[in-house]
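Encoded as structure tokens, the structure appears first; notes follow it.
Numbering (the numbering used here), first residue to last: 23 to 348.
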């Protein structure tokens with residue numbers, strides 16, 4: 023025994039999801055109670071109107087209007103298939119409401135499309151959770167003090183560069199740097215000024231780099247810079263430019279001169295992330311050992327000081343381990 027139409031309407035009115043039905047001309051013929059509650063529009067305000075003129079003004083996640091274009095209901099009517107996606111509709115109060123929609127074509131007994139149905143639910147909580155997850159994922163990869171990528175992010179990016187190098191032979195380089203005598207900054211001015219100095223240091227380096235380059239805080243006052251598609255000579259020139267920029271003026275957070283030491287290494291065959299960073303670190307240590315405020319390049323089996331703010335170091339002029347504290 024077929025159920026009467028009012029029984030189906032009662033069932034639809036007890037759903038938590040909004041449901042509405044349109045004919046092939048997109049005139050709204052049915053609007054359930056949850057649709058009223060979710061949108062603020064009563065059935066009397068909506069039924070009989072064309073969907074595009076109803077005031078709901080659907081837009082996609084890129085803020086593109088959908089009612090006269092790529093509307094999920096349009097596609098269901100035109101293609102005879104169902105669709106599921108996230109869109110935004112305009113609440114009667116004027117605010118945008120994120121909703122997850124499912125659209126399905128409706129057929130008569132002869133297989134002719136006689137309309138389409140849309141089922142939608144409030145996605146506000148899901149959007150908040152997704153945004154929070156994105157923020158947390160960003161925080162996992164960002165150093166909260168300086169706002170630059172952290173060690174984890176650097177290692178992920180370096181891995182991607184290695185894959186490009188192995189596949190296409192695109193060389194890249196890294197620069198290891200830290201602030202000379204940074205412990206004295208903290209001891210003399212306190213950790214609050216020390217933190218500001220780290221932020222200034224990161225911002226200064228970032229302002230001198232290309233958009234494709236990445237500066238990351240590796241720990242303490244140590245920073246690693248990733249230079250894609252960059253060979254040894256260009257990497258050394260970049261490090262020297264950074265060194266000169268830092269040494270050219272007083273540090274604004276302390277009012278005192280500030281310098282940094284740099285170690286440079288470029289990828290070679292059979293390299294790994296660890297070996298590349300280790301070479302750059304050893305080059306940085308040599309810059310420290312030979313007087314600081316200088317750039318040293320490290321190639322496998324060799325280490326060479328390129329520049330120095332205090333003049334080139336003489337052979338045997340520095341005692342081993344004399345400047346081990348960075």
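Don't be surprised by glycine CBs; every beta carbon is placed ideally from N, CA and C.
Between residue i and residue j, is the Cβ-Cβ spacing less than 8 Å?
i, j, result
"residue 317", "residue 239", "no"
"residue 135", "residue 126", "no"
"residue 42", "residue 30", "no"
"residue 55", "residue 74", "no"
"residue 282", "residue 165", "no"
"residue 322", "residue 290", "yes"
"residue 142", "residue 128", "no"
"residue 258", "residue 319", "yes"
"residue 145", "residue 108", "yes"
"residue 179", "residue 248", "yes"
"residue 230", "residue 267", "yes"
"residue 112", "residue 88", "no"
"residue 211", "residue 276", "yes"
"residue 202", "residue 86", "no"
"residue 288", "residue 254", "yes"
"residue 261", "residue 284", "yes"
"residue 119", "residue 110", "yes"
"residue 187", "residue 114", "no"
Please classify residue i as buried or exposed, where buried requires at least 16 neighbouring CB atoms within 10 angstroms.
i, result
"residue 197", "buried"
"residue 181", "exposed"
"residue 274", "exposed"
"residue 158", "exposed"
"residue 191", "exposed"
"residue 224", "buried"
"residue 213", "exposed"
"residue 40", "buried"
"residue 57", "buried"
"residue 264", "buried"
"residue 153", "exposed"
"residue 80", "buried"
"residue 243", "buried"
"residue 195", "buried"
"residue 50", "buried"
"residue 137", "buried"
"residue 216", "buried"
"residue 151", "exposed"
"residue 301", "buried"
Out of curiosity, what's the CA-to-CA distance linking residue i and residue j?
i, j, result
"residue 27", "residue 34", "11 Å"
"residue 303", "residue 160", "27 Å"
"residue 228", "residue 236", "8 Å"
"residue 94", "residue 106", "8 Å"
"residue 251", "residue 189", "13 Å"
"residue 342", "residue 306", "Here the model assigns residue 342 a pLDDT of 27, short of 50, so the residue's position is not dependable and the matter cannot be decided."
"residue 102", "residue 133", "10 Å"
"residue 46", "residue 68", "16 Å"
"residue 220", "residue 193", "29 Å"
"residue 352", "residue 172", "An answer regarding residue 352 cannot be provided, because it is not within the stretch 23 to 348 covered by the chain."
"residue 70", "residue 97", "21 Å"
"residue 82", "residue 162", "29 Å"
"residue 218", "residue 177", "25 Å"
"residue 37", "residue 147", "19 Å"
"residue 16", "residue 184", "The structure shown does not extend to residue 16, since the chain spans only 23 to 348, so no value can be given for it."
"residue 44", "residue 155", "36 Å"
"residue 90", "residue 117", "20 Å"
DSSP beta-bridge partners for residue i?
i, result
"residue 273", "278"
"residue 106", "124"
"residue 72", "49"
"residue 139", "43, 126"
"residue 118", "112"
"residue 284", "199, 317"
"residue 240", "Answer by DSSP bridge pairing: none, since residue 240 is not bridged."
"residue 247", "197, 237"
"residue 144", "121"
Which ranges would you report for the beta strand (DSSP E) in the region 39-67 if only whole runs of at least 3 residues count?
Fully enclosed beta strand (DSSP E) runs of 3 or longer: 40-44, 50-53.
If we require 4 or more residues per run, which alpha helix (DSSP H) segments fall completely within the region 158-238?
Residue ranges of uninterrupted alpha helix (DSSP H) with 4 or more members, entirely inside the region 158-238 and ordered along the chain, are 173-190, 204-211, 213-230.
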